[in-house]
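In full-length UniProt numbering, the protein residues as written are 1 to 157.
Cβ atoms here follow ideal geometry from the backbone N, Cα and C, with glycine treated the same way.
I have placed the structure first, in the form of structure tokens, so that the comments after it can refer back to it.
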């Protein structure tokens with residue numbers, strides 16, 4: 001299976017193309033929104049940055065991987081968690097591509113995406129994970145091919 005994924009949950013927007021048969025990352029291209037000094041990144045401006053860059057990133061990812069839309073098996077996108085406006089903008093792009101290219105649309109939980117990358121790289125079968133990402137810190141257990149969300153949320157340190 002070959003998947004094109006769109007990630008835009010915070011100040012980075014990225015497009016990756018992954019081939020599952022040999023666990024190959026065929027493309028992984030990103031652009032980062034840099035806010036004016038002292039302002040931080042605001043959802044509205046971040047979403048505008050992502051919208052301005054996403055089509056070029058998609059074209060570049062397809063070119064870098066020597067693929068065309070017909071070679072893809074699905075379109076994935078970050079469903080959350082993250083900043084609402086950038087997430088929504090990238091979800092719209094993913095939905096449009098899925099409709100235009102007649103591909104299944106696969107929503108991905110951002111946290112689970114990170115964890116699954118780690119599981120794939122390490123070969124871990126049923127890990128207990130300490131997930132630390134910004135203000136989102138959790139202990140998550142993997143069992144029976146799923147991540148039950150009856151987990152422990154830890155206070156920020």
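| Check | Outcome |
| --- | --- |
| Would the beta-carbon of residue 97 fall within 8 Å of that of residue 75? | yes |
| Apart from the five residues just before and just after residue 157, which ones in its own chain have a Cβ nearer than 7 Å to its Cβ? | In this prediction, residue 157 scores a pLDDT of 43, lower than 50, which makes its location untrustworthy; the coordinate-derived value is nonetheless stated afterwards. Cβ within range, chain order: n/a, list empty. |
| CB-CB under 7 Å to residue 70, same chain, minus the five flanking residues each way: which ones, in chain order? | none |
| Nearest to residue 133 by alpha carbon, out of 123, 16, 112, 141? | 112 |
| Look up residue 48 in the DSSP assignment and say whether it is helix, strand or coil. | helix |
| Could you tell me if residue 150 is buried or exposed, where buried requires 16 or more neighbouring beta carbons within 10 angstroms of its beta carbon? | Because residue 150 sits at a pLDDT of 48, beneath the cut-off of 50, its placement in the model cannot be relied upon, and the point is left open. |
| From this set, 23, 128, 136, which residue's C-alpha is nearest residue 146's C-alpha? | 128 |
| What is the DSSP secondary structure of residue 80, counted as helix, strand or coil? | strand |
| By how many angstroms is the C-alpha of residue 24 removed from the C-alpha of residue 94? | 21 Å |
| Could you have a look at residue 66 and say whether DSSP puts it in helix, strand or coil? | coil |
| What's the C-alpha gap between residue 26 and residue 139? | 31 Å |
| Beta-carbon within less than 7 Å of residue 11's beta-carbon, same chain only, minus the 5 sequence neighbours each way: which residues are those? | 32, 33, 41, 46 |
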